[in-house]
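Since the structure comes first, as structure tokens, the remarks are kept for the end.
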Amino acid sequence: GANGDTMSREDVEALMELRRHVKRMQAGTPLLLRTVAASGQEELQICTFSVTPDLLSLRWQDQEGKGTVHEAPLSAIVDVQEDSAGAPPADDDDTEGHHALLVKLRNGGREDTMNLIC
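Pasting the structure below:
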């Protein structure tokens, strides 16, 4: 239009793509959460990670046991890095392999790190 408020086709496509990404993040993705118990034993939990509908928090729910739900504000995430050392080795017949992420969260006065395997 003449007033300059109309969106170009590229803008509309970019907005639609962004909406698809947001919907996928809200739907959730199953990931392995690697933790180390007090005994020093490494544990792997299957959790579904998602972004809350208000887009303000990261939520994850255990898929085993009681199905406990955890939540952390996205603003508490201070760093996300690829963890090539933390990924399990790819099987010969598994062409894609696995990827691991280290997510650092600010938790009060300290930082907690989550090790996620996808």
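Under the numbering used here, the first residue of the sequence shown carries the number 38, and numbering increases by one thereafter.
Ideal Cβ positions, reconstructed from N, Cα and C, are used throughout, including at glycine.
Please read these numbers as outputs of a predicted model, since none were measured by experiment.
Cα-Cα separation between residue i and residue j, rounded to whole angstroms
i, j, result
"Ala-137", "Ala-122", "8 angstroms"
"Gly-146", "Ala-113", "11 angstroms"
"Asp-91", "Asp-116", "21 angstroms"
"His-135", "Thr-43", "43 angstroms"
"Leu-111", "Ser-45", "31 angstroms"
"Lys-21", "Ala-74", "Residue 21 is absent from the structure shown; the chain starts at 38 and stops at 155."
Buried/exposed call for residue i, threshold 16 Cβ in 10 Å
i, result
"Leu-153", "buried"
"Leu-68", "buried"
"Leu-95", "buried"
"Cys-84", "buried"
"Thr-132", "Bear in mind that the predicted position of Thr-132 carries a pLDDT of just 42, short of 50, making it too unreliable to give a figure here."
"Met-53", "exposed"
Three-state secondary structure (DSSP) of residue i
i, result
"His-58", "helix"
"Ala-75", "coil"
"Ser-94", "strand"
"Ser-112", "helix"
Identified DSSP bridge partners for residue i
i, result
"Met-44", "Met-44 pairs with nothing; no bridge assigned."
Give a yes or no on contact between the region 76-96 and the region 39-58, applying the rule of three or more CB pairs nearer than 8 angstroms.
no
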